[in-house]
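Protein chains in written order, with the working numbering: chain A, -12 to 727; chain B, 3 to 117. Note that the Cβ used here is the ideal one computed from N, Cα and C, for glycine as well. Before any comments, here is the structure.
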Amino acid sequence: MESNSIWLVILLPILGFLFQALIGPRLGKGAGAKKTLGIAAVLPIALSFVVGLLITLNLAGRAPSDRSVVVAGPDWISVMGLRLPFEWVVDPLSMTMVLIITGIGALIHLYSTGYMAQERDYSRFFAYLNLFIAAMLILVLGNNLALLFIGWEGVGLCSYLLIGFWYKDVVNAKAANKAFIVNRIGDWSLMLGMFLIVALIATNTDRFAGDRYLSYDVMLPALQGILQDNPGMATAIALLLFGGAAGKSAQFPLYLWLPDAMAGPTPVSALIHAATMVTSGVVLLNRMHVVFEYSPLASAIICMIGAFTALFAALIAFGQTDIKKVLAYSTVSQLGFMFVACGAGAYWAGMFHVTTHAFFKALLFLGAGAVIHAMAHDQDMRNYGNLRKYMPITFGTMAVGWLAISGFPLLSGFFSKEAIIGSALASDHPTVQGMRFGQISGWVALGVAALTALYMTRLTCLTFFGKEERWRNIPATEETHDERHSLADSGTILNEDLSSPRYAAARELEEAEHPVVENVVETRTLPSVDPHGFFYKAGEEPHKEHEHHHALDQNHQPHEVPASMWIPLAVLAVLSLIGGYALETNHAFRHWLYPQELPVLGQVPAAYPNLLYLSLAAAIGGLVLGWLFYSRGLPKDQGHDESGWNPLRRAERDQFGYDGAATTLAVQGGGDLATALWQWFDRSVIDGIVNGSGLVARGAGMALRLLQTGVVRAYALMMLVGVVGILGYFFYAMTTGVGR
Amino acid sequence: MNGVPLVAYLALGLFMFTTGVVGVVIRRNPIVIFMCIELMLNAVNLTFLAFARYQYTKLPVGDLQQQSSMMAGQMMVIFVMAVAAAEVAVGLGIIMAIFRLRQNIDIDEMNLLRG
């Protein structure tokens, strides 16, 4: 299929969004309506995938130098000799992302039709999800940074809407706010980077042909020459762009929104916060790799931040008991790997890990969703155990994901991690003043690979292995009342474990204490339109999330999930199993993405002595250690009584105090700063100017009032003095010649 | 200017004017103040006439156009006298009105506009 069909790929999800948003609410809430809505949600994405696949096959059939096509469109901005059209770039990088987005997106849509089957706001959910796919496609396909920014903000918006999908829960609403606000910091940095590029182009327009200055196919080759003359500019732009990438891709100072984003429905976590949106930072670095090639300093910083994030998040994962939280920190950690690769100059390895990570992390999240679904929405791994007996398909597929992320030989994670570690160890690019930061980050990444295997084994063993079925004897919860108040009242609930049994119990307690909801249904006094609902209609029962929620008690029987949920699991398991091998054979993926050598760095080596044995030792060592620790079930010192945990694990649970400190600093510090500015600057300076001008006028009036005595003769005297003064001045001027 | 030099006229004008100014400033009776204002106006008139006459004698004989233009000083005096007469008429009217109102024309008592 010709590249022009890329319009179809973008328009189909938009049509799906419009259908869900405009027609969906009118179809009612019955099972038949949900079936229609489900099909209408999956179909556009699946069709997009098919069209994208055909375009990709067409592209792959061409000569490597011929594989970048710009699909023109109408003008968006046209001002003062600059033209910014809606145009799409169809090249290996964008098409790889298109296949990941639409392919995994379609699977997750299918999964969601099962997972969200009991939800009331079915069409709202799929409207957001389709809109997200459209925005993400604009992000990767846009042929200039402005279009990328539309997609960038669009996915941020959809992320916000979906994290806060169950918005009646204040915890979810706050998590959504946190994600949105923290992302703003990164977006600010990205915008500054873009402005700097525009400023650089504006002073070098003579190096451009035509008026499409900002289009990648024009800008990137020209930037090479410009940056060669301005190496300092390259570092500044690279760091600002990386700041944007760090926000969206959850790197160290800004990672803290991603774990909270787990408040959203699990398919959202799989699609947005594991497979697609969070990798857009890596896509940005790949797209703009010329800039990063010119700056070893920025690359070194990227390497070190990536390595530190990978290590930091992997350590935190050991302190988490919520299955989704473990996967969230694992995602942060794996994103760190991708940035290590990009910093080392092995941009293709970053994309390789994006791809394989999309396979196995989507699989793991969907598997976790299946487990959560089966376990009455309890997400605490301490209440699981021996689930392989009840959920054989979920167990089998998730085991593949577990081995793949751990780097088990011949599975997908093995290849991409080896490529990253090898490139980092061998790379000379991020070298500043003789310090080979690439190598440092490579060794850190190797250690983190072992940690990854260890904490993923912990997750798998606690969930599926062990004889003990721990939900049958959950210790009695205490202090639920206090917990509820601390959740409802305090502003620092962002750090709370969103789904601990104590919280679930607290929620039930709240519902028991305030049974208003049910009464409203019976008496039908519901207002005709819910002011806060988005798709509400008259006469419906009020919103209540998790309607099928029934408490996890000792008689609970876990059940295998329906076919709509395990089919995506199976497909993703197959991809995780063979994806890495298929893409790495003959370096197919690398040559697909970067058929030519990099313009500055040339060929970045990925070989290091004994690399194979090192990465094998890390993976197998982690797996074996994890098996030794956790195969018999929950260790005694990791139980519900968290005071019995060892101090390191407690520190890891609390993210070494970083999240709390950063949140306190930002929220409290921001508040204090605003208060201080109000108290000092606003009150003394701003109010001072306003009141001061009044006081001056008043004082001048008071002083001049004394002149107006009412004595006419005094006025006459003043006039006399004035006339004498004026005449005296004229006389003086005439005699000395002043003013002539 | 047969024997009386220009400076004498000017000195007399200056004396009259100063007397008028001092009178306006120190006297409290508006009638006397009016007289002092009249004194100042006449001092100016005297100065006008003195300069006009002085300039006239300096001109060459027979230049009629120039001579007529030199009459501006004299004209000015006529104007001043007319204006002064009008001013006195209005001013005395006001003083009569004030007297009817307050039975008193002491100028220092008229301080309603004090700030």
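Cut-off 8 Å between Cβ atoms - residues of its own chain near residue i, not counting five sequence neighbours on either side
| i | result |
| --- | --- |
| Trp614 of chain A | Thr444, Cys448 |
| His578 of chain A | Pro51 |
| Val711 of chain A | none |
| Ala575 of chain A | Ala569 |
| Ser(-8) of chain A | Val38, Leu41, Ile42 |
| Thr418 of chain A | Pro283, Ala287, Phe424, Gly425 |
Cutoff 6 Å; reference residue i; Cβ partners in own chain excluding five residues on either side
| i | result |
| --- | --- |
| Phe451 of chain A | Leu374, Arg375, Phe382 |
| Ala440 of chain A | Ser393, Ala606, Gly609, Leu610 |
| Ser55 of chain A | Asp78 |
| Gly11 of chain A | Leu24, Ser110 |
| Pro514 of chain A | Confidence in Pro514 of chain A is poor, its pLDDT being 38 and thus under 50, which makes the residue's placement unreliable; the coordinate value appears in the next sentence. Counting only Cβ-Cβ distances below 6 Å, and skipping sequence neighbours, we find nothing. |
| Leu177 of chain A | Gly231 |
For residue j and residue i, the rounded distance between their alpha carbons
| i | j | result |
| --- | --- | --- |
| Gln7 of chain A | Gly90 of chain A | 20 Å |
| Leu599 of chain A | Ala413 of chain A | 14 Å |
| Ile95 of chain A | Lys312 of chain A | 19 Å |
| Ala345 of chain A | Leu(-5) of chain A | 24 Å |
| Val34 of chain B | Glu111 of chain B | 16 Å |
| Leu474 of chain A | Val158 of chain A | Annotation note: pLDDT 38 at Leu474 of chain A (below 50); position unreliable, no value reported. |
| Leu661 of chain A | Pro72 of chain A | As written in the sequence, residue 661 of chain A is Ala, which differs from the Leu given in the question. The straight-line gap from Cα to Cα measures roughly 41 Å. |
| Asp415 of chain A | Met378 of chain A | 48 Å |
| His260 of chain A | Glu584 of chain A | 32 Å |
| Ile461 of chain A | Thr308 of chain A | 14 Å |
| Phe616 of chain A | Ala638 of chain A | 20 Å |
| Met291 of chain A | Met325 of chain A | 12 Å |
| Asn47 of chain B | Glu89 of chain B | 16 Å |
| Tyr719 of chain A | Arg692 of chain A | 32 Å |
| Gln544 of chain A | Arg619 of chain A | 21 Å |
| Asn806 of chain A | His627 of chain A | Within the shown structure, residues of chain A are numbered from -12 to 727, placing residue 806 of chain A beyond reach of any answer. |
| Trp665 of chain A | Leu682 of chain A | 22 Å |
| Leu14 of chain B | Met689 of chain A | 43 Å |
| Ala47 of chain A | Phe36 of chain A | 16 Å |
| Ala52 of chain B | Leu8 of chain B | 7 Å |
| Glu547 of chain A | Lys22 of chain A | 21 Å |
| Val319 of chain A | Met338 of chain A | 16 Å |
| Phe36 of chain B | Gly724 of chain A | 38 Å |
8 Å Cβ cutoff, residue i in contact with chain A
| i | result |
| --- | --- |
| Arg104 of chain B | no |
| Asn113 of chain B | yes |
| Ile109 of chain B | yes |
| Val46 of chain B | no |
| Arg116 of chain B | yes |
Backbone secondary structure at residue i - three-state DSSP
| i | result |
| --- | --- |
| Phe138 of chain A | For the sequence presented, residue 138 of chain A should be read as Gly rather than Phe. Of the three classes helix, strand and coil, the one that applies to Gly138 of chain A here is helix, per DSSP. |
| Asp110 of chain B | helix |
| Val6 of chain B | coil |
| Trp553 of chain A | helix |
| Gly542 of chain A | The sequence given here has Asn at residue 542 of chain A, not Gly. DSSP places Asn542 of chain A in coil when its eight states are reduced to three. |
| Asn191 of chain A | coil |
| Met264 of chain A | helix |
| Arg729 of chain A | Only positions -12 to 727 of chain A appear in the structure, and residue 729 of chain A is not among them; the question remains open. |
| Gly631 of chain A | helix |
| Arg445 of chain A | helix |
| Leu693 of chain A | coil |
Residue i at chain B interface by Cβ criterion, 8 Å
| i | result |
| --- | --- |
| Arg700 of chain A | yes |
| Ala684 of chain A | no |
| Gly697 of chain A | yes |
| Ala703 of chain A | yes |
| Leu714 of chain A | no |
| Leu707 of chain A | yes |
7 Å Cβ shell around residue i - same chain, five flanking residues per side excluded
| i | result |
| --- | --- |
| Tyr147 of chain A | Ala163, Ala166, Phe167 |
| Pro555 of chain A | Leu94, Ile95, Leu97, Tyr98, Leu353 |
Beta carbon proximity, residue i to chain E, threshold 8 Å
| i | result |
| --- | --- |
| Val85 of chain B | Here chain E cannot be found, since the structure's protein chains are A and B. |
| message | Counting only Cβ-Cβ distances shorter than 7 Å, please list the residues of the stretch 11 to 33 of chain B near chain A, keeping chain order. | response | Flagged, chain order: Val23, Val26, Val27.
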